[in-house]
Amino acid sequence: MENQLKAFLDYLIVEKGLAKNTIISYERDLKSYLHYLKSVEVIQSLNEIQRIQIIHFLNYLKDQGKSSKTLARHIASIRAFHQFLLREKAADQDPSVLIDTPKLERALPKILSIVEVEKLLNTPDPNDHFGLRDKAMLELLYATGIRVSELIALEIEDVHLTLGFIRCIGTGKRERIIPIGKTALAAIKQYLETGRPHFVTEKHKADALFLNHQGHQLTRQGFWKILKKLAQQAGIDKELTPHTLRHSFAAHLIENGADLRAVQEMLGHADISTTQIYTNVSKSRIRDVYSKFHPRA
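Below is the structure:
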């Protein structure tokens, strides 16, 4: 069964072009699934798997206290795996076909207010090359709504300062062209002219736009540390994630009347229903303002 799992993961990488973190998630889910089948259900062959064994596995996850979101993710991984096996004739049936996905309550994404965003963006020290880099990164994230993984993957040639846009390769290797505002453009230009040369080393010639102190491409973990430090300095007590500025970008655009399809295109969402959650954020914020300031609320 391990060989079929490897073939499936290769398929996701080569043919589907999924992101590294998505591949890791599939692998983790399916390894736990196959381990359960072999150790608990004593399954030796893929053709032995029945719907009841999948249900047993999901109940096993429930007993461990896994959330409905985690269960739904496992079901999606299992379903994709069995569909692949059937298509490749590595199995005679798809036992996952009648498995129901649990209904999820979609939590509203955490966002920053416009005032909090201003505080965060103005925190990096403009007299320091680290500050110039951090300022450029934050301004670019908030100006475009790109993912952190997309931010750190940007190369210098992906940024077109004269025309005012970036070229971004997102999930599934889909290309997006996203406009950049004047403030972010100015921050990036200053970083390229004054800040980035301090990070470039003779030993390592990197094409990446954002570099760490060793001259290598900045990592996701490195950015996360920078964000937490700057948020603390800005006095922002809210729980932040690497996606916070992306969520804030989308919510603030929609709150100010932006077209939902345009926001979907900039975020790189395949399905507009994913983008629609930000309209709920906007409504929630309106209710909060009403409750706080209306004299008869």
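Reminder that position 31 of the sequence shown reads as 32 in this note's numbering, one-by-one numbering, no gaps. Here a beta-carbon is modelled for each residue, glycine too, at the ideal position from N, C-alpha and C.
Alpha-carbon to alpha-carbon, Phe-58 and Tyr-37
Locating residue 37 in the sequence shown gives position 36, where the first residue counts as 1. Locating residue 58 in the sequence shown gives position 57, where the first residue counts as 1. About 7 Å.
Short Cβ contact (8 Å threshold) for Leu-142 with Leu-246:
Residue numbering aside, residue 142 sits at position 141 when the sequence shown is read from its first letter. Residue numbering aside, residue 246 sits at position 245 when the sequence shown is read from its first letter. It is a contact, given that the beta carbons lie within the stated cut-off.
Quick one, which of Asn-22, Asp-30, Asp-95 has its alpha-carbon nearest Ile-53's?
Reading the sequence shown from its first residue, position 52 is the one you call residue 53. Selected option, being the one with the closest Cα: Asp-95.
Out of Gly-66, Thr-102, Asn-60, Lys-90, state which residue places its alpha-carbon closest to the alpha-carbon of Ser-78.
Locating residue 78 in the sequence shown gives position 77, counting from the first residue. With distances taken between Cα atoms, Ser-78 lies closest to Thr-102.
Candidates Gln-218, Pro-243, Leu-72: which alpha carbon is nearest Ala-207's?
For the purposes of this step, residue 207 is taken as the residue at position 206 of the sequence shown. Comparing C-alpha distances from Ala-207 to each of Gln-218, Pro-243, Leu-72 shows the shortest one belongs to Gln-218.
Residue of His-244, Asn-257, Gly-258 minimising C-alpha distance to Leu-268:
Residue 268 sits at position 267 when you count from the first residue of the sequence shown. Minimum Cα distance to Leu-268 is reached at His-244.
In the DSSP assignment, find the unbroken beta strand (DSSP E) run with Ile-167 in it and report its ends.
Position 166 of the sequence shown holds residue 167. Where Ile-167 is concerned, the enclosing beta strand (DSSP E) stretches over 166-170.
Taking the C-alpha atoms as reference points, what is the distance between Phe-82 and His-253?
As a working note, residue 82 is residue 81 in the sequence shown. As a working note, residue 253 is residue 252 in the sequence shown. CA-CA distance, Phe-82 to His-253, rounds to 38 Å.
Which same chain residues, not among the five before or five after Gln-191, have their C-beta less than 7 Å away from its C-beta?
Here residue 191 corresponds to residue number 190 of the sequence shown, with the count starting at 1. The beta carbon of Gln-191 sits closer than 7 Å to those of Leu-133, all from its chain and outside the five residues before and after it, given in chain order.
By how many angstroms is the C-alpha of Phe-250 removed from the C-alpha of Leu-162?
Walking along the sequence shown from the start, residue 162 turns up at place 161. Walking along the sequence shown from the start, residue 250 turns up at place 249. If I take the Cα positions, the gap works out to 20 Å.
Applying the criterion that 16 or more other CB atoms from any shown protein chain within 10 Å of the CB defines a buried residue, is Pro-180 buried or exposed?
Numbered from its first residue, the sequence shown carries residue 180 at position 179. By the Cβ-count criterion, Pro-180 is exposed, with fewer than 16 other Cβ atoms from all chains shown falling within 10 Å of its own Cβ.
Quick one: give me the first and last residue of the alpha helix (DSSP H) that Arg-177 is part of.
The residue you call residue 177 lines up with position 176 of the sequence shown. Residue range 176-180 is occupied by the beta strand (DSSP E) that includes Arg-177, with no alpha helix (DSSP H) assigned at that position.
Counting pairs of Cβ atoms below 8 Å between the stretch 256-275 and the stretch 231-242, do you hit three or more?
Output reads no: the stretch 231-242 does not touch the stretch 256-275.
I need the boundaries of the alpha helix (DSSP H) containing Gln-191, first residue and last residue.
The count along the sequence shown starts at 1 and reaches residue 191 at position 190. Secondary structure note for Gln-191: its alpha helix (DSSP H) is the uninterrupted segment 183-191.
Between the stretch 149-163 and the stretch 196-215, are three or more C-beta pairs nearer than 8 Å?
These segments touch.
Based on DSSP bridge pairs, tell me the residues matched to Val-98.
Taking the sequence shown and counting its residues from 1, one reaches residue 98 at position 97. Looking at the DSSP assignment, Val-98 forms no beta bridge with any residue, so it has no partner.
Kindly indicate which three-state DSSP category Gln-51 falls into: helix, strand or coil?
Position 50 of the sequence shown, counting from 1, holds the residue named residue 51. Gln-51: coil per DSSP, three-state reduction.
Does the beta-carbon of Pro-125 have 16 or more other beta-carbons within 10 angstroms, so that it is buried, or is it exposed?
As a working mapping, residue 125 is identified with position 124 in the sequence shown. Buried, since its Cβ has 16 or more Cβ neighbours within 10 Å.
What three-state label does DSSP hand Leu-113 in the structure shown?
In the sequence shown, the residue the question calls residue 113 occupies position 112. The three-state reading of DSSP puts Leu-113 in coil, since its state is none of H, G, I, E or B.
Give the secondary structure of Ala-137 by DSSP, where H, G and I count as helix, E and B as strand, and everything else as coil.
Translated into positions along the sequence shown, residue 137 becomes position 136. DSSP places Ala-137 in helix when its eight states are reduced to three.
From which residue to which residue does the alpha helix (DSSP H) around Ala-252 run?
Taking the sequence shown and counting its residues from 1, the one referred to as residue 252 is at position 251. Unbroken alpha helix (DSSP H) run through Ala-252: 245-256.
Does the distance between the C-beta of Asp-238 and the nearest non-hydrogen atom of the ligand PLP fall short of 7 Å?
Here there are no bound small molecules, and the ligand PLP is not part of this structure.
If we count the other Cβ atoms within 10 Å of its Cβ and call it buried at 16 or more, is Gly-66 buried or exposed?
Mapped onto the sequence shown, residue 66 falls at position 65. Looking at its Cβ environment, which holds fewer than 16 other Cβ atoms inside 10 Å, Gly-66 is exposed.
Quick one: what does DSSP say Ala-209 is sitting in, helix, strand or coil?
Locating residue 209 in the sequence shown gives position 208, where the first residue counts as 1. The three-state secondary structure of Ala-209, taken from DSSP, is strand.
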